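*Asks:* I have a structure here, written as structure tokens, and I will follow up with some questions on it.
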Amino acid sequence: MLVLDAGAFLAVERGDRSVVALVKRERLAGRPPVTHGGVVAQVWRGGWGRQAGVAHLLAGVTVTPLTDALGRRAGMLLARSGQSDVIDAAVVCLAADGDDILTSDPGDLHMLAQVASIHVELIAV
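In our numbering, the protein residues as written are 2 to 126.
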């Protein structure tokens with residue numbers, strides 16, 4: 002599975018075609034990328050102008066709600082890691098062993114993934 006953090010959406014805003022191609026490849030393979038509502042809140046500013054790419058990307062992504070259960074898992078991960086970014090922790094909580102995460106913050110996500118004991122590929126954008 003391909004998990005997107007805010008960096009993936011911001012890369013699309015900057016015109017990074019490699020992110021769009023990677024997402025398209027996953028969708029065509031029947032594996033729509035996933036993110037959560039907190040990431041959407043970080044990047045969404047209305048969809049007009051520069052955000053047309055973000056709106057188009059969101060149309061092909063499964064957006065998981067930031068539910069009580071996901072929030073609790075993320076909070077426990079933060080407690081164990083000493084980190085404080087809820088959005089990053091929830092992104093890591095969406096991932097499982099073998100998944101890829103598109104991120105602009107591989108350092109923090111690497112540490113969170115280690116603490117969560119999952120082996121993911123962090124793809125810097």
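All C-beta atoms in this analysis are idealised placements derived from N, C-alpha and C, irrespective of residue type, glycine included.
Predicted model, so just to flag it, every value in this text is computed and none were measured.
1) In chain order, which continuous runs of the alpha helix (DSSP H) of length 4 or greater are located wholly inside the region 15–77?
2) Mind checking residue 104: buried by the 16 CB within 10 Å criterion, or exposed?
3) Would you mind reading off the limits of the beta strand (DSSP E) that contains residue 101?
4) Using CA coordinates, which residue listed in 98, 45, 14 and 39 is at the minimum distance from residue 69?
5) Under 7 Å between the Cβ atoms of residue 89 and residue 110?
6) Are the region 40–47 and the region 18–32 in contact at 8 Å, needing three or more beta carbon pairs?
7) Enumerate in chain order the residues of its own chain whose CB-to-CB distance from residue 116 is below 7 Å, with the five nearest sequence positions on each side excluded.
*Replies:* A quick look at the data gives this:
1) Listed in chain order, the complete alpha helix (DSSP H) runs (minimum 4 residues) inside the region 15–77 are 18–29, 38–44 and 53–60.
2) Position 103 of the sequence shown holds residue 104. Burial is judged here by how many other beta carbons sit within 10 angstroms of a residue's own beta carbon; residue 104 has at least 16 and is buried.
3) To locate residue 101, count along the sequence shown from 1; it is residue 100. First-last of the beta strand (DSSP E) with residue 101: 101–104.
4) The residue you call residue 69 lines up with position 68 of the sequence shown. Closest by C-alpha distance to residue 69, out of 98, 45, 14 and 39, is 39.
5) In the sequence shown, the residue the question calls residue 89 occupies position 88. In the sequence shown, the residue the question calls residue 110 occupies position 109. Less than 7 Å separates the beta-carbon of residue 89 from that of residue 110.
6) At 8 Å Cβ cutoff, the stretches do not touch.
7) The residue given as residue 116 occupies position 115 in the sequence shown. When the five nearest sequence neighbours on each side are left out, the beta carbons in the same chain lying within less than 7 Å of the beta carbon of residue 116 are those of 78, 81 and 82, in order along the chain.
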